[in-house]
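Novice: Got a structure for you, questions after.
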Amino acid sequence: MPGLVHRFRRLPLRSRLALLVAVAVAVAVAAVAVVAWVLTRSQLNAELDRTLSNTQAPKQVVVDTLRDCANGRGTAGTPEDAFAYTQMVAPDGSRCVEAYSRPVKVTALDIDVANGRIESALHTSVTDRGQKVRVHTTLLPTATGDIAVSVSRPLDEISASLNRLALMLTGLAGFGVLAAGAAGLWVARAGLQPVDRLTDAVEHVARTEDLTVRIPADGDDEIARLSRSFNAMTEALASSRDRQARLIADAGHELRTPLTSLRTNIDLLARSERTGRAIPPADRQALLASVQAQMAELAALIGDLQELSRPDGPQDGDGPLKVVALHEIAGTALGRARLRGPELVFAEDLAPWYVRADPAALERALVNVMDNAVKFSPPGGTVEVRLRGGELTVRDHGPGIPAEELPHVFDRFWRSPSARALPGSGLGLSIVARTVRAAGGDIRLEPAPGGGTIAVLRLPGATAPPPGTPGTA
């Protein structure tokens, strides 16, 4: 059996579908044929029993037969075309067969009727020649007393009819199986045409990497849903490939600037060593400071690229999501921002708020937001940080962002013309937006009243941690 199943699974899908359809129809036809044959046999037997029950031997025939038996002439005739066989049964089991009837073996039921223990009996017996008959034995009142009379009908007529019916049903079943096989092939071929188209499209994509292929999806059946899913998948893959290519191009462009500056500075230092022409100490110190700055910029850019390379999902950062205290993380990020802008004034108002997020990623996001506020604040300016009801706002009093540039602030590597002279890779706000979305929140930048920019972060949470929380960051 396992070998048969294994061979079946190795068949092509079209062949398996056609075979399954043929087998299903064959089983159904066979079941219908068997049920029809059984019902017909039951109906014929019931009709025969009713006929026997309604058939009574004439009293005069019974009397004449008994007289002939008494004279030794009762069992002489045995023609082949008798409609029914009639015989009388004595209480001792002896029988008296009517002329032109075949003798039928007496059973215990017939003797019970003859002895008056039961009124009648309907059963199956055989003639002396082995012919199966259906027998109805009952008591017939006569002038000399009740006589047990058995009337029998051969079962050959029913058997012949049932045999002809079985032959006919077998022929019909065979024809049905052949027709089912042909129908299965047609159904498999017609039903799998959309699958063939989908297969061809997948093979084309695998062979050519052409993600512009689309499959027509008409209707709402499973094939149409599969086609739409395939189209959505290829569209998502094409979009991912485009984003990847754009990321590589943008990263290459961003890396080229610090690398060019590094190469220039290192070439100057190496030429000074080769030629023996010393660089003035002030210029040498400036070159080394520039090299260090460019190295720091490269390290920051590589770190940002690593962060963006992580797959989107519930674990975008270094660890799984857990309940953290947003006000504490905001306070930590604010402390780091004070180190970067010691000349600035920081106004904070942080109410307790607990969210579910990756603590390390969330802290990096808040540091990026506050670094932007520090970067664009004028000397002696104020940075306002406020947390109320799950909404964190960070406001600076710098030059602000033009309205036409606001839709692009979260794009990767995008930098406003006014910020291109400042350090940064253009990836900070992209990382912020991604981290906030991973925590189920949203972020936006908008012009602040009176000048400057305000960053608004909304994160779902509560004013207290859930019961049983082991700890918060």
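Residue numbering for the sequence shown follows my numbering, starting at 1091 and increasing by one per position. We put the beta carbon where it would ideally sit given N, CA and C, even for glycine.
1) Name the DSSP beta bridge partners of R1548, please?
2) Go ahead and pull the three-state DSSP assignment for I1313.
3) Have a look at W1127, V1117 and D1218 and flag the residue whose alpha-carbon is nearest the alpha-carbon of V1187.
4) So, for P1556: in the same chain, excluding its five sequence neighbours on each side, which residues have a beta-carbon less than 7 Å away from its beta-carbon?
5) May I have a chain-ordered list of the beta strand (DSSP E) segments no shorter than 3 residues that lie completely inside the stretch 1221-1263?
6) Hey, V1499 and L1549: beta-carbon distance below 8 Å or not?
7) Go through its chain and collect everything with a Cβ distance to H1417's Cβ below 8 Å, but skip five positions before and after it.
8) Could you spell out where the alpha helix (DSSP H) holding L1429 opens and where it closes?
9) Does E1325 come out as helix, strand or coil in the three-state DSSP assignment?
10) From this set, E1209, G1206, R1192 and H1213, which residue's C-alpha is nearest Q1221's C-alpha?
11) Tell me whether M1385 is buried or exposed, calling it buried when 16 or more other Cβ atoms sit within 10 Å of its Cβ.
12) Below 8 Å between beta carbons: does that hold for L1487 and G1542?
13) With H, G and I counted as helix, E and B as strand and the rest as coil, what does DSSP make of T1155?
14) Would L1452 and A1383 be called neighbours here (beta carbons separated by less than 8 Å)?
15) For L1212, which of helix, strand or coil comes out of DSSP?
16) Report yes if the CB atom of S1212 is closer than 8 Å to the CB atom of L1142, and no otherwise.
17) Buried or exposed: T1197, going by 16 or more other Cβ atoms within 10 Å of its Cβ?
18) So, is R1254 buried or exposed, given that buried needs 16 or more other C-beta atoms within 10 angstroms?
19) Using a Cβ distance threshold of 8 Å, determine whether the stretch 1347-1354 contacts the stretch 1305-1315, with at least three qualifying pairs required.
20) Look at the Cβ atom of S1520, then the Cβ atom of D1501, and state whether they are nearer than 8 Å.
21) Taking T1289 as part of the alpha helix (DSSP H), name the residues at either end of that continuous run.
22) Check the C-beta distance from S1215 over to V1225 and give it rounded, since I have them as a contact under 8 Å.
23) By a C-beta neighbour count over all protein chains shown, 10 Å radius and 16 as the cutoff for buried, is R1207 buried or exposed?
24) Excluding sequence positions up to five away, which residues of its chain have a Cβ less than 8 Å from the Cβ of G1471?
25) Just verifying my parser: in three-state terms, what is the DSSP assignment at G1403?
26) Who are the near neighbours of A1174 in its chain, counting only those whose CB is closer than 7 Å to its CB and skipping five residues on each side?
27) Taking its Cβ as the centre, do 16 or more other Cβ atoms sit within 10 Å of V1125, making it buried, or is it exposed?
28) Give me whichever residues DSSP pairs with Q1177 in a beta bridge.
29) According to DSSP, simplified to helix, strand and coil, what is A1121?
30) Do A1545 and V1484 have their C-beta atoms within less than 8 Å of each other?
31) Measure from the alpha carbon of E1494 to the alpha carbon of each residue in R1527, A1189 and P1537, then state which is nearest.
32) For S1319, which of helix, strand or coil comes out of DSSP?
33) Let me know the secondary structure DSSP gives K1412 once reduced to three states.
34) In its own chain, which residues sit with a C-beta less than 8 Å from the C-beta of I1491, not counting the 5 before and 5 after it?
35) How is T1543 classed by DSSP in three states: helix, strand or coil?
36) Give the DSSP-derived three-state secondary structure of V1196 in the structure shown.
Specialist: On the basis of the coordinates in this document:
1) Bridge partners of R1548: E1481 and D1532.
2) Reduced to three states, the DSSP call for I1313 is helix.
3) Considering only alpha carbons, the answer is D1218.
4) So the qualifying residues of the chain are V1413.
5) Listed in chain order, they are 1222-1232 and 1235-1244.
6) Contact flag unset, no.
7) L1440, A1441, P1442, W1443 and L1477.
8) Unbroken alpha helix (DSSP H) run through L1429: L1416 to R1430.
9) Note: E1325 maps to helix in three-state DSSP.
10) Considering only alpha carbons, the answer is R1192.
11) M1385 should be labelled exposed.
12) Looking at the sequence itself, residue 1487 is His, so the reference to Leu does not match. In contact: H1487 and G1542 (Cβ atoms closer than 8 Å).
13) DSSP places T1155 in helix when its eight states are reduced to three.
14) No; because the gap between Cβ atoms is not below 8 Å, this pair is not in contact.
15) Correct three-state label for L1212: strand.
16) Strictly speaking, residue 1212 in this sequence is Leu, with Ser absent from that position. Judged by their CB atoms, L1212 and L1142 are nearer to each other than the 8 Å cut-off.
17) T1197 should be labelled buried.
18) Burial call: exposed.
19) The stretch 1347-1354 makes no contact with the stretch 1305-1315; the number of CB pairs closer than 8 Å stays below 3.
20) Judged by their CB atoms, S1520 and D1501 are nearer to each other than the 8 Å cut-off.
21) Residue range Q1283 to T1298 is occupied by the alpha helix (DSSP H) that includes T1289.
22) Rounded, the Cβ-Cβ distance is 5 Å, consistent with contact.
23) Answer is exposed; the Cβ neighbour count stays below 16.
24) For G1471, where only same-chain residues beyond five positions count, the Cβ hits under 8 Å are L1434, V1435, D1486, H1487 and G1488.
25) Because G1403 carries a pLDDT of 46, less than 50, the predicted location of this residue cannot be relied on, and the following value inherits that uncertainty. Three-state result, G1403: coil.
26) T1145, V1241, S1242 and R1243.
27) The residue is exposed, with fewer than 16 neighbouring Cβ atoms inside 10 Å.
28) According to DSSP, Q1177 bridges with V1187 and S1240.
29) Annotated three-state conformation of A1121 is helix, per DSSP.
30) For A1545 and V1484, yes; Cβs fall inside 8 Å.
31) It is P1537.
32) If DSSP states are grouped into helix, strand and coil, S1319 belongs with the helices.
33) Here K1412 sits in strand by DSSP.
34) These residues qualify, in order along the chain: V1499, S1506, L1535, P1537 and T1543.
35) In the structure shown, the three-state DSSP call for T1543 is strand.
36) In the structure shown, V1196 sits in coil (DSSP, three-state: anything other than H, G, I, E or B).
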